[in-house]
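Asks: My structure is below; once you've seen it, I'll send some questions.
In this note's numbering, the protein residues as written are 483 to 775.
Structure representation (structure tokens):
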């Protein structure tokens, strides 16, 4: 069994948990392939197994790992999309961050989680992605998002007017600071903080959520995921921002944005002792009222 490791730079408080990951991998005799930049960051901080391979990009990872482990928070796991792409390699996140909807494994459960991977005590959640297109080829060949694609104003600029169309039929003109197009996975991220609904991962929907809309009767809209969305922007500023998960591009207001469901999906690993509803209850503190006990 070969497992790939990806992570970001971290502070020293995380060191014991990173070391525990590599100790557990070595204990279970798992071959390890580590992202090159991460390996350079940790090689003098963590005792690594004797023979560790490295990879730099998606081409070097494809067909060379059965599973990828993300070490960090949800943002770190989102970074792995550029490495996984359409390879089908399953991803699991060990949460060194805060909330961790995607990176769901607690740092105190590392050994048990890796044992479960070895024993194949897990299932795969197929998660839908978004694809963004424009004549300027925004984001190149990384124009896909697991959480959301967001159109929003630049800092200190005036409110925008975003004209939205679904399959070329007019939806609405949103007077707002921006607009979020979120997948079910992303429904618990930025969209949720702007009043959007929680959508179960297997639901075949997207949600359009306005950011600080000027008209208070404008509400999030849940739509099928097999439609094509098009957006045109009016603004005093000549430019606006488009975000594709954690990547952001500055775009001229004359540019039209098209958003569709991506042609591939991502496999997130869910251990057998986990469920999506359990994650919701734990992360959102549902049932914390003592009257429930």
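The beta carbon of each residue, even a glycine, is placed where N, CA and C say it ideally should be.
Note that this is a predicted model, so its numbers are computed, not measured.
Assuming residue 688 and residue 665 form a contact by the criterion Cβ under 8 Å, report the distance between their Cβ atoms to the nearest whole angstrom.
Replies: Numbered from 1 along the chain shown, position 206 holds the residue referred to as residue 688. Numbered from 1 along the chain shown, position 183 holds the residue referred to as residue 665. Contact flag correct, Cβ pair sits at about 6 Å.
Asks: Taking its Cβ as the centre, do 16 or more other Cβ atoms sit within 10 Å of residue 770, making it buried, or is it exposed?
Replies: As a working note, residue 770 is residue 288 in the chain shown. Burial call: exposed.
Asks: Which class does residue 593 belong to by DSSP, given the choice of helix, strand or coil?
Replies: In the chain shown, counting from the first residue as 1, residue 593 sits at position 111. Correct three-state label for residue 593: helix.
Asks: Exposed or buried, which one is residue 720 when buried takes at least 16 other CB atoms within 10 Å?
Replies: As a position in the chain shown, residue 720 is number 238, starting the count at 1. When all chains shown are included, residue 720 counts as exposed.
Asks: In the DSSP assignment, the beta strand (DSSP E) including residue 540 goes from what residue to what residue?
Replies: The residue labelled residue 540 in the question sits at position 58 within the chain shown. Counting along the chain, residue 540 falls outside any beta strand (DSSP E), though it belongs to the alpha helix (DSSP H) covering 540 to 543.
Asks: Kindly confirm or deny that the stretch 665 to 680 and the stretch 636 to 654 touch, where touching means at least three C-beta pairs closer than 8 Å.
Replies: Contact fails: fewer than three Cβ-Cβ distances are below 8 Å.
Asks: Evaluate the contact criterion for the stretch 728 to 738 versus the stretch 575 to 590: three or more CB pairs, one atom per stretch, below 8 Å.
Replies: The stretch 728 to 738, when compared against the stretch 575 to 590, does not touch it at the 8 Å Cβ threshold.
Asks: Closer than 8 Å by C-beta to residue 515: which residues in its own chain qualify, once you throw out the five before and the five after it? Chain order, please.
Replies: Position 33 of the chain shown, counted from the start, is the residue given in the question as residue 515. The answer, listed in chain order, is 484, 485, 486, 487, 534, 535, 536, 537, 543, 546, 547.
Asks: Give a yes or no on whether the C-beta atoms belonging to residue 609 and residue 562 are separated by under 8 Å.
Replies: Locating residue 609 in the chain shown gives position 127, where the first residue counts as 1. Locating residue 562 in the chain shown gives position 80, where the first residue counts as 1. Cβ distance not < 8 Å, so residue 609 and residue 562 don't count as in contact.
Asks: Relative to the C-alpha of residue 576, which residue among 557, 512, 528 is closest?
Replies: Along the chain shown, read from residue 1 onward, the residue named residue 576 stands at position 94. Taking only the C-alpha atoms, the option nearest residue 576 is 557.
Asks: Out of curiosity, what's the CA-to-CA distance linking residue 650 and residue 559?
Replies: By one-based count along the chain shown, residue 650 stands at place 168. By one-based count along the chain shown, residue 559 stands at place 77. Looking at the two C-alpha atoms, the distance is approximately 34 Å.
Asks: Among 744, 611, 594, which residue has its Cα nearest to the Cα of residue 604?
Replies: Sequence index remark: in the chain shown, residue 604 carries index 122 (1-based). Ranking 744, 611, 594 by Cα distance to residue 604 puts 594 first.
Asks: Does the separation of the CB atoms of residue 709 and residue 656 fall below 8 Å?
Replies: For this step, residue 709 is matched to residue 227 along the chain shown. For this step, residue 656 is matched to residue 174 along the chain shown. The answer is no: Cβ separation not under 8 Å.
Asks: Assuming residue 606 and residue 751 are in contact, meaning their beta carbons sit under 8 Å apart, how far apart are those beta carbons, in whole angstroms?
Replies: If you number the chain shown from 1, residue 606 lands on position 124. If you number the chain shown from 1, residue 751 lands on position 269. About 6 Å separates the two Cβ atoms, so the contact holds.
Asks: With DSSP run on the structure shown, which of helix, strand or coil describes residue 607?
Replies: In the chain shown, residue 607 corresponds to position 125, counting from 1. Residue 607 falls in the strand class under three-state DSSP.
Asks: With distances taken between CB atoms, is the gap from residue 573 to residue 749 smaller than 8 Å?
Replies: Residue mapping note: residue 573 aligns to position 91 of the chain shown, counting from 1. Residue mapping note: residue 749 aligns to position 267 of the chain shown, counting from 1. The answer is yes: Cβ separation under 8 Å.
Asks: For residue 769, name the three-state secondary structure that DSSP assigns.
Replies: Sequence index remark: in the chain shown, residue 769 carries index 287 (1-based). Reduced to three states, the DSSP call for residue 769 is coil.
Asks: Starting from residue 789 and walking both ways along the alpha helix (DSSP H), at which residues does that stretch end?
Replies: There is no way to answer for residue 789, as the model of the chain reaches only from 483 to 775.
Asks: Excluding sequence positions up to five away, which residues of its chain have a Cβ less than 6 Å from the Cβ of residue 523?
Replies: The sequence position of residue 523 within the chain shown is 41, counting from 1. For residue 523, where only same-chain residues beyond five positions count, the Cβ hits under 6 Å are 491.
Asks: Can you round the beta-carbon distance between residue 506 and residue 596 to whole angstroms, since I take them to be within the 8 Å contact cut?
Replies: Residue mapping note: residue 506 aligns to position 24 of the chain shown, counting from 1. Residue mapping note: residue 596 aligns to position 114 of the chain shown, counting from 1. Between residue 596 and residue 506 the Cβ distance is about 4 Å, and since that is below 8 Å, they are a contact.
Asks: Which one of 622, 601, 510 has the shortest CA to CA distance from residue 730?
Replies: The residue you call residue 730 lines up with position 248 of the chain shown. Considering only alpha carbons, the answer is 622.
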